[in-house]
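Quick note on the working numbering: the sequence shown kicks off at 57 and runs consecutively.
Glycine included, C-beta positions come from ideal geometry on N, C-alpha and C.
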Amino acid sequence: MNKVVLAFSGGLDTSVCVKYLQSLHNLDVITLTVDVGQNDDFKDINKVSADLGAVEHVYVDAKQEFLNDYVTPAIQANALYQQKYPLATAIARPLIAKKAVEVAREHNANAISHGCTGKGNDQVRFDIAIRSLNPNLNIIAPIRDMNLTRDKELEYANENNIKISAVAKKYSIDENLWGRAIEGGSLENLENEPPDDAFKFVKQNNTSAGYVSIGFERGVPISIDGTRMELGLLVKKLNDVAGAFGVGIIDHIEDRVVGIKSREVYEAPAALVLVEAHKDLEKLVLTHNELRFKFSVDDQWAWLAYSGLWLDPLLTDLNAFIAKTQERVTGEIKIKMHNGSYRVVGRKSTFSLYDNDAITYMSNSNFDQRLASGFVTLWGLQSSAANKMISKNKA
Ligand code: ARG
57 MNKVVLAFSG
67 GLDTSVCVKY
77 LQSLHNLDVI
87 TLTVDVGQND
97 DFKDINKVSA
107 DLGAVEHVYV
117 DAKQEFLNDY
127 VTPAIQANAL
137 YQQKYPLATA
147 IARPLIAKKA
157 VEVAREHNAN
167 AISHGCTGKG
177 NDQVRFDIAI
187 RSLNPNLNII
197 APIRDMNLTR
207 DKELEYANEN
217 NIKISAVAKK
227 YSIDENLWGR
237 AIEGGSLENL
247 ENEPPDDAFK
257 FVKQNNTSAG
267 YVSIGFERGV
277 PISIDGTRME
287 LGLLVKKLND
297 VAGAFGVGII
307 DHIEDRVVGI
317 KSREVYEAPA
327 ALVLVEAHKD
337 LEKLVLTHNE
347 LRFKFSVDDQ
357 WAWLAYSGLW
367 LDPLLTDLNA
377 FIAKTQERVT
387 GEIKIKMHNG
397 SYRVVGRKST
407 FSLYDNDAIT
417 YMSNSNFDQR
427 LASGFVTLWG
437 LQSSAANKMI
447 SKNKA
């Protein structure tokens, strides 16, 4: 029989996919679980796969690659889609696709399958990444192909003795070390506040305030409160530290690639705090024009990552620009957290462009105010001349 590699989480969609690939497409299914820090029980997923009759289960630990080649560039690009969403799911998809293409080659499979619906962004990210890496592979998306809905899937799972966890019945969750996306259930009603049980890291009943200091070296977070640690550990720790002060919930209206608006709920304490700290440090060390330009680069970066164009040459180009700017992004940022809010309250850097002698209002200032008068006159010419012309023509 021909073989297919299925990107497999062990959840509702992908469990249903195994059965459909076997019965409808007559394929031997190789399930692939890529570990991007989702904190699942991987032994259990292996068992679920075997119970479903997969011919083989492959586990790939891609945490370090995810941190180095996906999360780090996202931090450096201050990546927030529509100024809100840290793109956790979005940046993991091209990596999972890459691993699936590798496993397909190793196992002589000529197709890759995923459990994405036809309504979301994930299908876009998977399909485009797979085609960019190996155009000869077939792509099979059973949920999309059969226009399946969650209630139909649950029914099918029930009929076929597929075990589904209680949370999977309630929400559709995607998790990795950069964040968690929670969809469906009561959240589909725009007027409902997300209930506490939707969240894993964020505690919403803590009224005390706390501080955390993040150290950066060339745009990479390297320490928490002066203690050096590798990025994976730092993110994990910060999820707990910031989450304990209620920080990390995102609840916004998002424009999907397929043209619909959706209500998206996420929790990503570490991602939000790290992007805020990184952005603040850049403001201290980059020039005004570098910042203005980088702002549009960052926005473009987030859009490419969100919309499935991770392998577009433009992203590589933008990364080259961003990498150059990060040479000076070294320093320490102190954040205050309270009741879900977070705010930078202190910063220091050896590359700081903040000039105390110029800015001070005291008499030791080296800034000669008298020079400003001529500057302001010339700077304002563009505006004063235009207004003069407009009133002359009105008269
Ligand atoms: N809207 C988000 C995105 O496009 C989250 C997707 C979550 N995926 C999921 N299978 N629950 O990245």
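Tell whether a beta-carbon distance below 8 angstroms holds between residue i and residue j.
i	j	result
I147	V331	no
P325	V303	yes
N58	L88	no
L371	W359	no
A237	A144	yes
G266	V341	no
F255	D296	no
S79	V104	no
G299	K259	yes
P191	L367	no
S363	V180	yes
G174	R200	yes
R312	G109	no
L123	L287	yes
I389	R399	no
G271	S264	no
F182	A153	yes
L365	V329	no
I218	K404	no
R187	L246	no
L243	V321	yes
G66	D100	yes
Tell me, which residues are paired with residue i by DSSP?
i	result
G235	N232
L62	T87, S169
V393	Reading off the sequence shown, one finds Met at residue 393, where the question assumed Val. DSSP, once it has assigned bridges, lists G266, Y398 as partnering M393.
S279	G271, R284
R403	I389
V470	This structure cannot settle anything about residue 470, because the visible part of the chain is limited to 57 through 451.
Y115	T89
N177	Answer is none; N177 lacks a bridge partner.
I195	I168
Y137	Y141
So, under 8 angstroms CB-CB, residue i and residue j are touching, yes? Tell me the CB distance rounded to an integer number of Å.
i	j	result
S221	C73	Wrong, their Cβ atoms sit about 17 angstroms apart, outside the cutoff.
I309	Y141	No, I309 and Y141 are not in contact; Cβ-Cβ is about 11 angstroms, not under 8 angstroms.
N166	N194	6 angstroms
L233	V291	6 angstroms
V464	A185	For the chain, the structure presents residues 57 to 451; residue 464 sits outside this window and is missing.
Y227	G240	5 angstroms
D91	Y115	7 angstroms
N214	D354	46 angstroms between Cβ atoms; not a contact.
R384	F407	4 angstroms
E112	I86	5 angstroms
A414	N422	6 angstroms
I196	L77	7 angstroms
Q382	R284	The pair is not a contact, with the Cβ atoms about 18 angstroms apart (cut-off 8 angstroms).
L210	L68	7 angstroms
For the ligand ARG, residues whose Cβ lies under 7 angstroms from any non-hydrogen atom: Y141, L143, T145, A146, G176, N177, D178, S228, I229, D230, A237, E239, E310, R312, S318, E320, Y362
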